[in-house]
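Data first, discussion second: the structure below is written as structure tokens.
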Amino acid sequence: MRIGAHVDQADPLAEAASRSAGAVQFFLSDPQGWKAPKPREDADRLRAADVDLYVHAPYVINVATLNNRIRIPSRKLLLGHAAAAAEIGAKGLVVHGGHVNAGDDLAVGFDNWRKTFAYAADSGGLPLPVLIENTAGGENACARRLDALARLWDALGDHEVGFCLDTCHAHAGGEELLDLVDRVKAITGRIDLVHANNSKGAFNSGQDRHDNLDGGTIDPDLVVAVIRAAGAPVIVETPGGAAGQAADIAFLRERLGTGA
1289 MRIGAHVDQA
1299 DPLAEAASRS
1309 AGAVQFFLSD
1319 PQGWKAPKPR
1329 EDADRLRAAD
1339 VDLYVHAPYV
1349 INVATLNNRI
1359 RIPSRKLLLG
1369 HAAAAAEIGA
1379 KGLVVHGGHV
1389 NAGDDLAVGF
1399 DNWRKTFAYA
1409 ADSGGLPLPV
1419 LIENTAGGEN
1429 ACARRLDALA
1439 RLWDALGDHE
1449 VGFCLDTCHA
1459 HAGGEELLDL
1469 VDRVKAITGR
1479 IDLVHANNSK
1489 GAFNSGQDRH
1499 DNLDGGTIDP
1509 DLVVAVIRAA
1519 GAPVIVETPG
1529 GAAGQAADIA
1539 FLRERLGTGA
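This note's numbering numbers the first residue of the sequence shown as 1289 and each following residue consecutively.
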């Protein structure tokens, strides 16, 4: 089981070394912007590294929305990031589940996800797994609660889709962590990556505010239990820079009995 952290994109391998991380996740462009990712000069070094790489798509991407001015650029940007992530040897591209606006039909949002994967298939296919991540807030979200996630997976049908489980998002989104992995796998059949984060916000608060594993409102034992049950690689997206994240990685390794 590889355990790592979300790090700055400038030099991910140096960031991995500073945390003794076996995996890193990073952005390839401004997470709040619409610019396509540029080729990386360190692509060869990233591909050759003995560190598992994951790319997080920009937060602005929302392929579920009924707003054409957001949905169409989102689809294009998602495919562009998939190609760029594959170019550096990433194992997956993480993207938030998205939402529709108040008053819009959530069923159309699920179908817009289906159309995104159908468009990708018609364009030659995705070069690496796209991992849809559960989100913390919003009453019109496609992947906050498990009932919505089940509708999303039904809409995606036979398309190959991965899943990223965020413990903070689940807790803040109103899903109990106890037995969560079994309930998720009953829907998705898989968990490809775990974002191991504690939560500053209370249960069902809808607040996407991460905390270190020994802080926050989640019993750390529950986070460890989720990871153990999922059996997937782990990324911490916790505060405190290299020191804070290194402590969280060491905590997980000790509790899980792994050196990866």
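Ideal Cβ placement from N, Cα and C applies to all residues, glycine included.
Who are the near neighbours of residue i in its chain, counting only those whose CB is closer than 6 Å to its CB and skipping five residues on each side?
i     : result
T1404 : V1351, R1363
L1365 : I1349
R1543 : V1512
A1337 : L1301
Starting from residue i, follow the beta strand (DSSP E) in both directions and report where the run begins and ends.
i     : result
E1421 : 1418 to 1421
Q1320 : Neither: Q1320 is in no beta strand (DSSP E) and is coded neither H nor E.
I1475 : I1475 -> not in any beta strand (DSSP E); alpha helix (DSSP H) instead, spanning 1468 to 1476.
A1302 : From DSSP, A1302 is part of no beta strand (DSSP E) but of the alpha helix (DSSP H) over 1300 to 1307.
Y1342 : 1340 to 1344
G1292 : 1291 to 1294
Between which two residues does the alpha helix (DSSP H) containing residue i stretch?
i     : result
H1369 : 1356 to 1375
L1540 : 1529 to 1544
I1515 : 1508 to 1518
L1559 : Examination of residue 1559 is not possible in this model, given that the chain is present from 1289 through 1548 alone.
H1249 : Because the chain spans 1289 through 1548 in this model, residue 1249 falls outside it and cannot be assessed.
A1406 : 1394 to 1410
Report, in whole angstroms, the separation of the C-beta atoms of residue i and residue j, which I expect to be a contact under 8 Å.
i     : j     : result
D1392 : N1428 : 7 Å
L1334 : L1301 : 7 Å
A1520 : L1481 : 6 Å
L1309 : I1479 : A small fix is needed here, since residue 1309 is Ala in this sequence, not Leu. Not a contact, Cβ separation roughly 20 Å.
S1487 : T1505 : 5 Å
F1451 : V1472 : 7 Å
A1460 : G1489 : 5 Å
L1416 : L1381 : 6 Å
A1535 : I1515 : With 8 Å as the limit, A1535 and I1515 do not qualify as a contact, their Cβ atoms being about 16 Å apart.
Can you give me the C-alpha to C-alpha distance between residue i and residue j, rounded to a whole angstrom?
i     : j     : result
G1386 : C1430 : 6 Å
L1444 : I1376 : 27 Å
A1372 : L1316 : 8 Å
G1321 : P1361 : 11 Å
E1463 : G1494 : 11 Å
V1368 : P1325 : Val is not the amino acid found at residue 1368; the sequence shown has Gly there. Near 7 Å, if we compare the C-alpha coordinates of P1325 and G1368.
G1528 : G1413 : 38 Å
S1411 : R1357 : 21 Å
A1424 : H1384 : 10 Å
P1319 : T1546 : 32 Å
Y1347 : E1421 : 11 Å
R1402 : A1374 : 22 Å
D1399 : D1442 : 10 Å
E1303 : A1331 : 16 Å
Residues in the same chain with beta-carbon distance under 7 Å from residue i, minus the five sequence neighbours each way, listed in chain order, please.
i     : result
Q1533 : A1293, R1307, V1524, T1526
L1466 : L1510
Is it right to say residue i is buried, meaning 16 or more other beta carbons lie within 10 angstroms of its own, or is it exposed?
i     : result
L1434 : buried
Y1342 : buried
R1359 : buried
V1396 : exposed
A1409 : exposed
D1296 : exposed
A1345 : buried
N1389 : exposed
Excluding the 5 residues preceding and the 5 following residue i in the sequence, name in chain order all residues of the same chain whose CB lies nearer than 8 Å to its CB.
i     : result
D1340 : R1290, G1292, G1310, A1311, V1312, K1379, P1521
A1518 : L1453, V1469, I1479, V1482
A1406 : H1447
T1329 : Per the sequence presented here, residue 1329 reads as Glu, with Thr not at that position. The answer is none, since no qualifying residue turns up.
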